[in-house]
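Reading through the structure tokens given below for one structure.
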Amino acid sequence: MLAVLALVLAACVPGVKKPEPPQARVEGFDLISVDPFSGEARFALRLRVTNPNAFELPLLESRLALTFDRARLPFDLPAVTLPPAGFEVVDTRVTVPLAESTEGVGKLLRGEAVRLRVDGRVRVQVGPVPLDLGPFTLLDETVRVDLRFAWPRFELDPQQSRLSLSGGRLEVVVGFRVANPNPVGFYLRGPVALRVGGRSVAEAALDMPLRPRQTGSGALAFRVDLAQVPGAATALVAGLPVELAGAVRAEVPGVWQTLLDVAFGGRVR
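So this is what it looks like as structure tokens:
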């Protein structure tokens with residue numbers, strides 16, 4: 078009722094013409110982060126918003142609906158004044174709950190296209206009374222992201238590593254740090270072998286979370302037969318040169334995964 082009244086009032090104001098709704102196209106769509114630990118994927122969306130009218134079109138802040146693949150989400154369009162028959166570039170943010178868009182986010186991380194549609198109503202200030210335009214489709218395109226996945230960087234942490242004898246076995250605890258340079262957070266999961274003198278002598282399971290663009294730390298414990306480590310007694314004093322190697326998964330559960338070859342080493346004392 079209020080929208081109808083506004084249109085009637087606007088029609089009665091001299092010089093005020095009901096405007097055509099704006100249109101938009103994607104100028105840029107970039108991945109900010111995918112964080113399975115917060116449960117969200119965030120994207121930067123740059124829109125070129127065009128005014129089809131021969132007069133200035135002040136858009137008020139409006140809430141529309143965003144279709145991201147199969148998920149339906151709210152979308153806030155910021156206020157902007159469009160010049161006559163011109164355009165403005167508008168920067169916005171899109172936050173997508175992973176629980177509602179597992180398939181869509183997975184497609185983007187695999188390099189596939191996802192449909193992006195924005196529709197609803199926008200509020201405009203034409204004359205003394207704000208008007209609602211719509212419902213209409215502001216945008217309907219497909220988008221991709223350029224994910225150049227970089228392998229996490231592992232390094233042995235001597236301060237968190239140690240050797241000890243227990244029950245006739247050598248216990249080797251290898252502490253490590255791992256840096257994730259990617260905008261995607263994930264779990265690292267899989268078997269890692271302990272190699273001494275070029276031979277695999279024990280294995281442990283890696284299972285650790287790693288947030289986007291952060292460094293995490295962890296430790297793996299191995300129990301080794303003394304017979305497999307010549308000079309074990311000397312190693313307790315001088316340290317034991319070790320290598321860790323394995324094929325592990327970087328995975329966002331239910332969304333995406335990739336295989337990594339892990340290889341790093343150092344001296345454990």
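The sequence shown begins at 78 in our numbering and counts up one residue at a time.
Yeah, the Cβ is synthetic: ideal placement off N, Cα and C, and Gly gets one too.
In this text, all values refer to a predicted model and were calculated from it rather than measured experimentally.
Next on the checklist: Quick test of your reading: T219 and A190, contact by CB under 8 Å. State the CB separation rounded to the nearest angstrom.
Outcome noted: 4 Å
Checklist entry - Count the other CB atoms within 10 Å of the CB of R325; is the residue buried (16 or more) or exposed (fewer)? => result Reading off the sequence, residue 325 comes out as Val, not Arg. Buried.
Checklist entry - Who are the near neighbours of E280 in its chain, counting only those whose CB is closer than 6 Å to its CB and skipping five residues on each side? => result The answer, listed in chain order, is P268 and A270.
Checklist entry - Could you give the distance in angstroms between the alpha-carbon of I109 and the alpha-carbon of R239? => result 38 Å
Checklist entry - When DSSP labels each residue in this structure, what does M78 get in the three-state scheme? => result The predicted model places M78 with a pLDDT of 41, which falls under 50 and marks its position as unreliable, so this point remains unresolved.
Checklist entry - Do the segment 252-266 and the segment 283-290 make contact, defined as three or more Cβ pairs closer than 8 Å? => result Contact holds: three or more Cβ-Cβ distances are below 8 Å.
Item to check | Pick from K95, A101, V206 and V319 that is closest to A131, judged by C-alpha positions | outcome: Selected option, being the one with the closest Cα: K95.
Item to check | Supposed close pair L136, V201 - CB separation, criterion 8 Å | outcome: 6 Å
Checklist entry - Leaving out five residues before and five after A87 in sequence, what residues of the same chain have Cβ atoms less than 8 Å from its Cβ? => result Because the pLDDT at A87 is just 47, under 50, the model does not fix this residue reliably, and the point stays unresolved.
Item to check | Contact set for G343: own chain, Cβ-Cβ below 6 Å, skip 5 residues either direction | outcome: Setting aside the 5 residues that flank it on each side, G343 is surrounded in the same chain by L233, each with a C-beta closer than 6 Å to its C-beta; the list follows chain order.
Checklist entry - DSSP puts G267 in a beta bridge; with which residues? => result L283
Checklist entry - Since V319 contacts V339 with CB under 8 Å, what's their CB separation in whole angstroms? => result 13 Å between Cβ atoms; not a contact.
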